[in-house]
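Data first, discussion second: the structure below is written as structure tokens.
Residue numbers (my numbering): 0 to 116.
Right, dumping it as structure tokens:
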């Protein structure tokens, strides 16, 4: 059974940084594409960034140049370094495994990121 546990969120001022972590279990992590999603109340969950098993990355337009996704296959973990944070980055952040650009694992509890202006 896949389990995803996100951590690292918090309250930060605009312009600050946070590093999110996601620990995965129950999957062959090294072979999976992983992604970070963000959900804002009243809106659909959106992909923020993704990373393939080989380390190729993709980013949403709103975070390009500010966020960096990485992974450590030895630790079954994926990370999201968030720099130059903006109030519009506020939301609950989740990680998931994706197949054909769709999340396929049970969602974890997420981690709240709040950016104050």
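All C-beta atoms in this analysis are idealised placements derived from N, C-alpha and C, irrespective of residue type, glycine included. Predicted model, so just to flag it, every value in this text is computed and none were measured.
Is DSSP giving residue i helix, strand or coil here?
i          : result
residue 71 : strand
residue 30 : helix
residue 40 : coil
residue 9  : strand
residue 1  : coil
residue 56 : strand
residue 18 : strand
residue 62 : coil
residue 83 : coil
Have a look at residue i and residue j and give me their C-alpha separation to the nearest angstrom.
i           : j           : result
residue 51  : residue 9   : 27 Å
residue 32  : residue 13  : 30 Å
residue 11  : residue 35  : 19 Å
residue 44  : residue 53  : 25 Å
residue 101 : residue 15  : 30 Å
residue 40  : residue 27  : 32 Å
residue 115 : residue 2   : 31 Å
residue 76  : residue 103 : 17 Å
residue 99  : residue 49  : 12 Å
Figure out for me which residue from the options has the closest Cα to the Cα of residue i.
i           : options          : result
residue 29  : 72, 100, 17, 108 : 72
residue 105 : 86, 93, 114      : 93
residue 83  : 90, 63, 100      : 63
residue 4   : 100, 74, 88, 99  : 74
residue 61  : 41, 78, 76, 86   : 86
residue 57  : 97, 25, 38, 42   : 97
residue 46  : 95, 116, 111     : 95
residue 38  : 68, 91, 77       : 91
From the DSSP output, which residues share a beta bridge with residue i?
i           : result
residue 102 : 97
residue 90  : 112
residue 46  : 36
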